[in-house]
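Listed in order, the protein sequences are those of chains A and B.
Residues 1 to 255 (our numbering) are what the first sequence spells out, left to right.
Residues 256 to 383 (our numbering) are what the second sequence spells out, left to right.
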Amino acid sequence: MAAAEDRVDPIHQFHINDLFDLGTFGGMKFAFTNSALFMFVAVGLVFALLYFGSSSRSMVPGRLQSVAEELYSFIRNLVHQTLGEEGMAFFPFIFSLFAFVLFTNFLGLIPYFFTVTSQLVITGALAVFIILMVVVVGFAKNGVGFLSLFVPHGVPGALLPFISLIEIISFLARPVSLSLRLFGNMLAGHIVLKVFAGFIVGLAGLGIGGWIGAIGPLLMTVAITALEFLVAALQAFVFAVLTCVYLKDALHPHH
Amino acid sequence: MAREPKLPGSADGGGPDDGELARRLERLSQKLDDEKREQAVKDAPAVDTGNAALVFRFASEFVAGVLVGGLIGWGIDWALGTKPIAMIVFLLLGFAAALTNMVRVAKAAQAGVPVGQDMPAGDEDEDA
């Protein structure tokens, strides 16, 4: 990161810096951080893409419009396929979720930019919100019938309490695995990228032999950057798909 | 869409009769249905997630299950003062839950279901 330092610190990129203070509320210091800034940037970009993409409304879409339309129809098909017609009520939510995660992931790939989704707080908050929504929707739509999610049919009565307990733990593990996966992917990818890039700097300082040796890490860095682009898109997609799947359980617990 | 073949009814100047029209309509709707089905298959968000996504899936499923089980046990211990017992029991239960989830993911992966469409809770009893 810092050009002045000799050794590259791969963790430095995840530091949260206060940009300006917003004052104290209830004894807690509130500040506008770089993380918050990039969340705003991501939301602003999504908004700009959809606003300007849909403003021309031409029959033959231009570049921006077709990107916006592709994004829209991609998520629309996803929601429609997993949740069906009644699930379209959740389309705005899942679209926002996907767009937010996708844009923050991609923004993090730009050098010197902060990766919002590499913070467990962010992914955890998203996952907890999703699972709370699943619980609320499940009870609102099915009443007590939602609890049949934890009672697989065909289990002998003696084993039922045991199996139900396991099912409940497996349900509670969902938000944890959801948030851990996104967080882990982004964190690990960025650290690996930074470590390999650090090798280049370290080797280049050794003179002519080091320059030749630095070719290896340089190629790796390029390759990992490409991989990270794939991971960024893929994890946003997986996040959205799993949200759909969990919501499906809320709508139809007995399946 | 492919163009319709020339119809015998319309060739001799007079309009096609009702039966011919009905058949044409049927053929057309058949074709439309096929087209729609193909389109639906094409539109399916079929992302080749590859094995890397699956690996992460397993890892996070496993870690999450054990973690949640352990945390619940720890919480019960903390609340009831039964120091190590609940944590041990729930760690094992969490392990079981993690394995259940992993088996579900693996089953779905073997069946070729794309990542994410898998894991409806409590479905493995149907084919067991």
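All C-beta atoms in this analysis are idealised placements derived from N, C-alpha and C, irrespective of residue type, glycine included.
Fair warning: this is a prediction, and the values are worked out from it, not measured in the lab.
{"Asked": "Residues of chain B with CB closer than 8 Å to the CB of Ile-166 (chain A), please, in chain order.", "Found": "Leu-348, Ala-351, Ala-352, Thr-355"}
{"Asked": "Would you please verify whether the beta carbon of Gly-184 (chain A) is less than 8 Å from any beta carbon of chain B?", "Found": "yes"}
{"Asked": "CB-CB under 8 Å to Gly-87 (chain A), same chain, minus the five flanking residues each way: which ones, in chain order?", "Found": "Val-79, His-80, Cys-244, Leu-247, Lys-248, Leu-251"}
{"Asked": "Examine chain B for any beta-carbon lying closer than 8 Å to the beta-carbon of Leu-172 (chain A), and answer yes or no.", "Found": "yes"}
{"Asked": "Tell me which residues share the same chain as Phe-229 (chain A) and place their Cβ nearer than 7 Å to its Cβ, disregarding the 5 neighbours each side in the sequence.", "Found": "Leu-109"}
{"Asked": "Taking the C-alpha atoms as reference points, what is the distance between Val-238 (chain A) and Leu-309 (chain B)?", "Found": "11 Å"}
{"Asked": "Comparing C-alpha positions only, which one of B:Phe-317, B:Ile-331, B:Ser-284, B:Asp-289 sits nearest to Arg-359 (chain B)?", "Found": "B:Phe-317"}
{"Asked": "In the segment 314-340 of chain B, which residues sit with their C-beta less than 8 Å from some C-beta in chain A, listed in chain order?", "Found": "Ala-314, Ser-315, Glu-316, Val-318, Ala-319, Gly-320, Leu-322, Val-323, Gly-324, Ile-327"}
{"Asked": "Tell me, please, which residues DSSP counts as bridged to Thr-24 (chain A).", "Found": "A:Lys-29"}
{"Asked": "Figure out for me which residue from A:Thr-221, A:Ile-166, A:Val-137 has the closest Cα to the Cα of Val-151 (chain A).", "Found": "A:Ile-166"}
{"Asked": "Which term fits Gln-365 (chain B), buried or exposed, when burial requires 16 or more other beta carbons within 10 angstroms of its beta carbon?", "Found": "exposed"}
{"Asked": "Mapping DSSP to helix, strand and coil, what is Leu-218 (chain A)?", "Found": "helix"}
{"Asked": "Which runs of the alpha helix (DSSP H) at least 4 residues long sit entirely within the segment 99-179 of chain A? Give them in chain order.", "Found": "120-142"}
{"Asked": "Excluding the five sequence neighbours on either side, which residues of its own chain have a C-beta within less than 6 Å of the C-beta of Ala-223 (chain A), listed in chain order?", "Found": "none"}
{"Asked": "Would you say Ser-35 (chain A) lies against chain B (beta-carbon separation less than 8 Å)?", "Found": "no"}
{"Asked": "Return yes when the Cβ of Leu-187 (chain A) is within less than 8 Å of the Cβ of Ser-118 (chain A), no when it is not.", "Found": "yes"}
{"Asked": "On the three-state DSSP scale, how would you describe Asp-272 (chain B)?", "Found": "coil"}
{"Asked": "Between the segment 98-115 of chain A and the segment 41-50 of chain A, do three or more beta carbon pairs fall short of 8 Å?", "Found": "yes"}
{"Asked": "By alpha-carbon positions, which one of A:His-190, A:Ile-191, A:Gly-213 ends up nearest to Val-201 (chain A)?", "Found": "A:Gly-213"}
{"Asked": "For chain B, find out if any of its Cβ atoms is closer than 8 Å to the Cβ of Phe-234 (chain A); answer yes or no.", "Found": "Note that residue 234 (chain A) is Leu in the sequence shown here, rather than Phe. For Leu-234 (chain A), the answer is yes, since a Cβ of chain B falls inside 8 Å of its Cβ."}
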